[in-house]
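Q: Take a look at the following structure, please.
Protein chains: 2
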Amino acid sequence: MDMDMNRARDRGSRERLVVIGGDAAGMSAASQARRLRGPDELEIVAFERGHFTSFSACGIPYWVGGDVAERDELIARTPGEHRARDIDLRMRTEVTEIDVAAGRVHARDVDSGAESWTSYDKLVIATGARPIRPDMPGAEAPGVHGVQTLDDGEALLASLARARGRRAVVVGAGYIGVEMAEALIKRGYEVTVVNRGKEPMSMLDPDMGRLVHRAMTGLGITMVDGAEVTKMLTGDDGRVRAVATGDAEYPADVVVLGIGVEPETALARAAGLPLGPHGGLLTDRAMRVRGHENIWAGGDCVEVLDLVSGLYRYVPLGTHANKHGQVIGTNAGGGYATFPGVVGTAVSKVCDLEIARTGLREKDAHRVGLRYETVTVESTSRAGYYPGASPMTVKMLAEHRTGRLLGVQIVGREGAAKRVDVAAVALTAGMTVEQMTSLDLGYAPPFSPVWDPVLVAARKATAKVRATTT
Amino acid sequence: MDMDMNRARDRGSRERLVVIGGDAAGMSAASQARRLRGPDELEIVAFERGHFTSFSACGIPYWVGGDVAERDELIARTPGEHRARDIDLRMRTEVTEIDVAAGRVHARDVDSGAESWTSYDKLVIATGARPIRPDMPGAEAPGVHGVQTLDDGEALLASLARARGRRAVVVGAGYIGVEMAEALIKRGYEVTVVNRGKEPMSMLDPDMGRLVHRAMTGLGITMVDGAEVTKMLTGDDGRVRAVATGDAEYPADVVVLGIGVEPETALARAAGLPLGPHGGLLTDRAMRVRGHENIWAGGDCVEVLDLVSGLYRYVPLGTHANKHGQVIGTNAGGGYATFPGVVGTAVSKVCDLEIARTGLREKDAHRVGLRYETVTVESTSRAGYYPGASPMTVKMLAEHRTGRLLGVQIVGREGAAKRVDVAAVALTAGMTVEQMTSLDLGYAPPFSPVWDPVLVAARKATAKVRATTT
Numbered sequence: 001m002d003m004d005m006n007r008a009r010d011r012g013s014r015e016r017l018v019v020i021g022g023d024a025a026g027m028s029a030a031s032q033a034r035r036l037r038g039p040d041e042l043e044i045v046a047f048e049r050g051h052f053t054s055f056s057a058c059g060i061p062y063w064v065g066g067d068v069a070e071r072d073e074l075i076a077r078t079p080g081e082h083r084a085r086d087i088d089l090r091m092r093t094e095v096t097e098i099d100v101a102a103g104r105v106h107a108r109d110v111d112s113g114a115e116s117w118t119s120y121d122k123l124v125i126a127t128g129a130r131p132i133r134p135d136m137p138g139a140e141a142p143g144v145h146g147v148q149t150l151d152d153g154e155a156l157l158a159s160l161a162r163a164r165g166r167r168a169v170v171v172g173a174g175y176i177g178v179e180m181a182e183a184l185i186k187r188g189y190e191v192t193v194v195n196r197g198k199e200p201m202s203m204l205d206p207d208m209g210r211l212v213h214r215a216m217t218g219l220g221i222t223m224v225d226g227a228e229v230t231k232m233l234t235g236d237d238g239r240v241r242a243v244a245t246g247d248a249e250y251p252a253d254v255v256v257l258g259i260g261v262e263p264e265t266a267l268a269r270a271a272g273l274p275l276g277p278h279g280g281l282l283t284d285r286a287m288r289v290r291g292h293e294n295i296w297a298g299g300d301c302v303e304v305l306d307l308v309s310g311l312y313r314y315v316p317l318g319t320h321a322n323k324h325g326q327v328i329g330t331n332a333g334g335g336y337a338t339f340p341g342v343v344g345t346a347v348s349k350v351c352d353l354e355i356a357r358t359g360l361r362e363k364d365a366h367r368v369g370l371r372y373e374t375v376t377v378e379s380t381s382r383a384g385y386y387p388g389a390s391p392m393t394v395k396m397l398a399e400h401r402t403g404r405l406l407g408v409q410i411v412g413r414e415g416a417a418k419r420v421d422v423a424a425v426a427l428t429a430g431m432t433v434e435q436m437t438s439l440d441l442g443y444a445p446p447f448s449p450v451w452d453p454v455l456v457a458a459r460k461a462t463a464k465v466r467a468t469t470t
Numbered sequence: 001m002d003m004d005m006n007r008a009r010d011r012g013s014r015e016r017l018v019v020i021g022g023d024a025a026g027m028s029a030a031s032q033a034r035r036l037r038g039p040d041e042l043e044i045v046a047f048e049r050g051h052f053t054s055f056s057a058c059g060i061p062y063w064v065g066g067d068v069a070e071r072d073e074l075i076a077r078t079p080g081e082h083r084a085r086d087i088d089l090r091m092r093t094e095v096t097e098i099d100v101a102a103g104r105v106h107a108r109d110v111d112s113g114a115e116s117w118t119s120y121d122k123l124v125i126a127t128g129a130r131p132i133r134p135d136m137p138g139a140e141a142p143g144v145h146g147v148q149t150l151d152d153g154e155a156l157l158a159s160l161a162r163a164r165g166r167r168a169v170v171v172g173a174g175y176i177g178v179e180m181a182e183a184l185i186k187r188g189y190e191v192t193v194v195n196r197g198k199e200p201m202s203m204l205d206p207d208m209g210r211l212v213h214r215a216m217t218g219l220g221i222t223m224v225d226g227a228e229v230t231k232m233l234t235g236d237d238g239r240v241r242a243v244a245t246g247d248a249e250y251p252a253d254v255v256v257l258g259i260g261v262e263p264e265t266a267l268a269r270a271a272g273l274p275l276g277p278h279g280g281l282l283t284d285r286a287m288r289v290r291g292h293e294n295i296w297a298g299g300d301c302v303e304v305l306d307l308v309s310g311l312y313r314y315v316p317l318g319t320h321a322n323k324h325g326q327v328i329g330t331n332a333g334g335g336y337a338t339f340p341g342v343v344g345t346a347v348s349k350v351c352d353l354e355i356a357r358t359g360l361r362e363k364d365a366h367r368v369g370l371r372y373e374t375v376t377v378e379s380t381s382r383a384g385y386y387p388g389a390s391p392m393t394v395k396m397l398a399e400h401r402t403g404r405l406l407g408v409q410i411v412g413r414e415g416a417a418k419r420v421d422v423a424a425v426a427l428t429a430g431m432t433v434e435q436m437t438s439l440d441l442g443y444a445p446p447f448s449p450v451w452d453p454v455l456v457a458a459r460k461a462t463a464k465v466r467a468t469t470t
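So the protein lines, in turn, are chains A and B. Using UniProt numbering, the first residue of the first sequence is number 1, and each one after it goes up by one. Using UniProt numbering, the first residue of the second sequence is number 1, and each one after it goes up by one.
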């Protein structure tokens, strides 16, 4: 029996909180717990298998594209800063097993291979996500890159420096694929995006994705739609040289995978913890793993409740991870906080095109049995006469008969994306589109037409709901 | 007895809707009523005493400042366009009396002096506002200008062209005063702003107004605070030459009055219609004048319910006027719509400084007996590492104990002002600051730090409410 397990004897009355994963959710939880309880009351041990803590994965495209000069700008808090707050942070140390019955985790030092058990009173699982690697020939070849971690970013930058030509292929046209395509254009590459869907940005309905398609083509990006990548072809040196679909080959000096991530829950699965249909951990509102009083989970390894559809979804976003960490740390520190769920907000940018959505797309609504009306309006970011006013397209979904807001999608230029926040709050509050028509939104000519584009859409949606109800 | 009064006999079964005032509220009402009922069912007669219809008064500072080249860009719809929609629009015709008992209005042609009575089945009062003119010597002198109408704007531009020097004094530092000060700077004037308050922008608490003060001084504007203007001094030609306060004189080749407006309700008062404490008409939720089934009022001549304080306020803003018009037109056209009230949102811009508020200021909360906690946080418009991230100050008021959001004020650069919309929706929904902490707002590095500034404020406010409740 491991000595470490006799926790009461070894540590007196101090509790021990163990955190698996040193990124947003894990370290936010550790920091918040520390804020509430000092080191004399609570010992905090955190394991991170990589080289970095608390970094912005969302910033990687901007680092690769050259907008952000230094890797370290993407690091919110270094290991040293965490340690200065009395967090016993063990870097390059991978947790290999969770022993729930005994309340301990087994870890291995990645460099030395040394192994040990660490007991816990409270456990936080924040193991994050891993990029989906296509299971096909050549997928692991040099020159093929994910962009999930800072290590990935460094490897990609090194690969770009080494590449013989300036042809890049991006696989996938979700927001990571789209942002990476722009980054590579900025570095002077010829960029081809191979996309399984008919339009890029499947976070949008296809009619709105079409607008993004047009903007990407306008940037000089070659769009290959409705194409499934079947293999990566390699050269004599073993390095990737092309991406093959069923009927074509796209030469590539470098390939970036933007086909998404999946929850990193192998440890949790082996420990018998409850996983949902998307492979993520299932928690309650306090972010406690279901059925486990003293285990919490958050960030990219959990599923979240979608407040609009009522279903659990997998939404790996840094903003949720930070909120989860805050809630977990509060609860693990003896306080009380909850994370009620998400409404599905996401924003992105391609060159000067801003893209946003919240709530349900048409196919989401359809899937959960919601009948809806939809309107699409063209408006402007500012009063039409004010310099810099730019066009903006707003699509709105409202439930048939009740008129409850179901979702909003926006594509436009400066000032478009964050307008979706109004709809995110309205969704959270369960407003109808008619209630939205009288929202007291900020108006002045430099910021909005006298009817904000979101209100124009709400008016049209109200009229449509009325017309189809009577 | 006027023949026009025998309405059933003269017009068969057609109803007549009479609208007094051809700007946002009046013409929106007329247009919406027309949309719902054709000319065979509803006759619409609208009276406007000025030269223009449906113009953007809010755009006048940008026209004067040169951002908007032509006056006509500020006109949303011309008299001809209204007439093309079967609205019998009588320009330069002033209504001089409302005879509620007989259901008729008396009007006078401003140019010819011709007078007549027009009967109505339904009446819309949209008489707008008039600028507050200080009652002091010289207030009516040439060179002293209000900026309420397009005629005012033309007079000011003509005056600027005629002015002998380049010194301008703006009286008042509300948003009109502040916007006009910037416009005059853009035209190459030396600008002095004489302000009764200690800080400009009394729509903000003084601690936030201080930030605006600093920006205005930075623009080269001379700020005279806590000073009451006592008279306008005139030269031998009768034109204004200086503005005098109790103890100083400020030379002026032109003076702009930015001391606000008051409801234009002399007609309504004479007709015995109900007015509130601010002199505006009082309506119900359907925008009907209280106690009158067939009379509606909206725009700058009415008071509105403040949903946060529960009191009626006077909030003359184009955005409300348009909504009122829409609601009135729907109801007068036989449909159903309501205007529930405002939460007090306002946004403005001085150079690249964006200013926003919604809900209650400290003094508003105090006045209505609400005890509150307040926090002020510094954050940034984008992820700190993303190019163009700029500082943003957010102040938040939450009710003591309950934590209900009471108000938000924001001062920052690009992307700051419209963030207040999130708080406007949250106020409408009656959210607590703790509920706000889990709002699913859009996050991507070009648009926001991982914790949106509004969420940072909500977190801090939540902590403060908790700390003061236990």
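Each residue gets a CB set at the ideal place from its N, CA and C atoms; glycine is no exception. Small disclaimer: the values here were computed from a predicted structure and weren't measured.
Along the chain, where does the alpha helix (DSSP H) containing residue 148 of chain B start, and where does it finish?
A: No alpha helix (DSSP H) holds residue 148 of chain B; DSSP gives it neither H nor E.
Q: Within this structure, are the beta carbons of residue 95 of chain B and residue 20 of chain B separated by less than 8 Å?
A: yes
Q: Nearer than 7 Å: is that true of the beta carbon of residue 307 of chain A relative to any heavy atom of the ligand COA?
A: Summarising the ligand content, the structure contains no ligands, and the ligand COA is consequently not present.
Q: With H, G and I counted as helix, E and B as strand and the rest as coil, what does DSSP make of residue 469 of chain A?
A: When DSSP states are grouped into helix, strand and coil, residue 469 of chain A belongs to the helix group.
Q: Could you spell out the range, first to last residue, of the beta strand (DSSP E) harbouring residue 192 of chain A?
A: 190-194
Q: Going by C-alpha distance, which of A:34, A:104, A:150 is nearest residue 73 of chain A?
A: A:150
Q: Would you tell me roughly how many angstroms separate the C-alpha atoms of residue 47 of chain A and residue 27 of chain A, rounded to the nearest one?
A: 10 Å
Q: Report the option in A:379, A:83, A:411, A:251 whose CA atom is closest to the CA atom of residue 43 of chain A.
A: Ranked by Cα distance from residue 43 of chain A, the options A:379, A:83, A:411, A:251 are led by A:83.
Q: With a threshold of 8 Å between beta-carbons, can residue 29 of chain B be considered close to chain A, or not?
A: no
Q: Give, in chain order, every unbroken run of the beta strand (DSSP E) that is at least 3 residues long and sits entirely within the region 70-130 of chain A.
A: 88-91, 93-99, 104-109, 115-119, 122-125
Q: So, do the region 260-267 of chain A and the region 123-138 of chain A have three or more beta carbon pairs nearer to each other than 8 Å?
A: Taking a contact to require three or more Cβ pairs closer than 8 Å, the region 260-267 of chain A and the region 123-138 of chain A qualify as touching.
Q: Between which two residues does the beta strand (DSSP E) holding residue 391 of chain A run?
A: 391-399
Q: For residue 60 of chain B and residue 70 of chain B, what's the separation of their Cα atoms in angstroms?
A: 10 Å
Q: Put residue 269 of chain B into one of helix, strand or coil per three-state DSSP.
A: helix
Q: For residue 464 of chain B, would you say it is in contact with chain A, using Cβ-to-Cβ distances shorter than 8 Å as the test?
A: no
Q: Please return the same chain residues whose Cβ sits closer than 6 Å to the Cβ of residue 349 of chain B, not counting the five positions on each side in sequence.
A: none
Q: Entirely within the region 374-453 of chain A and at least 4 residues each: give me those alpha helix (DSSP H) ranges in chain order.
A: The qualifying runs are 420-428, 433-436.
Q: Taking all protein chains shown into account, decide if residue 436 of chain B is buried (16 or more other Cβ within 10 angstroms of its Cβ) or exposed.
A: With 16 or more other Cβ atoms within 10 Å, it is buried.
Q: Please report the distance separating the alpha-carbon of residue 447 of chain A from that of residue 189 of chain A.
A: 36 Å
Q: Of all Cβ atoms in chain A, is any one closer than 8 Å to the Cβ of residue 312 of chain B?
A: By this cut-off, residue 312 of chain B is not an interface position.
Q: Thinking just about the alpha-carbon of each residue, which of B:116, B:64, B:172, B:372 is nearest to the one in residue 132 of chain B?
A: B:172
Q: Alpha carbons only, please: which of B:36, B:261, B:40, B:30 is nearest the one belonging to residue 14 of chain B?
A: B:40
Q: Would residue 426 of chain A and residue 308 of chain B be called neighbours here (beta carbons separated by less than 8 Å)?
A: no
Q: Using 8 Å as the limit for Cβ to Cβ distance, is residue 56 of chain B near chain C?
A: Looking at the structure shown, chain C is missing, and the protein chains on hand are A and B.
Q: Please look up how many angstroms separate the CB atoms of residue 443 of chain A and residue 318 of chain B, rounded, as I've assumed it's under 8 Å.
A: 7 Å
Q: Please report the residue range of the alpha helix (DSSP H) in which residue 222 of chain B lies.
A: Here residue 222 of chain B belongs to no alpha helix (DSSP H); instead the beta strand (DSSP E) covers 222-224.
Q: Relative to the C-alpha of residue 64 of chain B, which candidate in B:85, B:121, B:160 has its C-alpha closest?
A: B:160
Q: In chain order, what residues of the same chain lie with their CB nearer than 7 Å to the CB of residue 6 of chain B, ignoring the 5 residues before and after it?
A: Annotation note: pLDDT 44 at residue 6 of chain B (below 50); position unreliable, coordinate value reported separately. Nothing listed; no residue qualifies.
Q: Count Cβ pairs between the region 224-240 of chain A and the region 141-149 of chain A that sit closer than 8 Å; are there 3 or more?
A: They touch, by the three-pair rule.
Q: Going by beta carbon distance, what residues of the same chain come within less than 8 Å of residue 227 of chain A, once the five residues before and after it are set aside?
A: Only residues of its own chain outside the window of five on either side were considered, and among them 194, 195, 196, 245, 246, 248 have a CB closer than 8 Å to the CB of residue 227 of chain A, listed in chain order.
Q: Here's the rule I'm using: 16 or more other beta-carbon atoms within 10 Å means buried, otherwise exposed. How should residue 205 of chain B be labelled?
A: buried
Q: Please classify residue 288 of chain B: does DSSP put it in a helix, a strand, or coil?
A: strand
Q: Using a beta-carbon distance cut-off of less than 7 Å, what residues from the region 313-327 of chain B approach chain A?
A: So the close ones are 317, 318, 319, 322, 323.
Q: Would residue 306 of chain B pass as a contact of residue 316 of chain B if the rule is Cβ separation under 8 Å?
A: no
Q: Which term fits residue 62 of chain B, buried or exposed, when burial requires 16 or more other beta carbons within 10 angstroms of its beta carbon?
A: buried
Q: Could you work out which residues of chain A lie near residue 280 of chain B, taking near to mean beta carbons separated by less than 8 Å?
A: Going along chain A, no residue has its Cβ under 8 Å from residue 280 of chain B, so there is no contact; the nearest lies around 17 Å.
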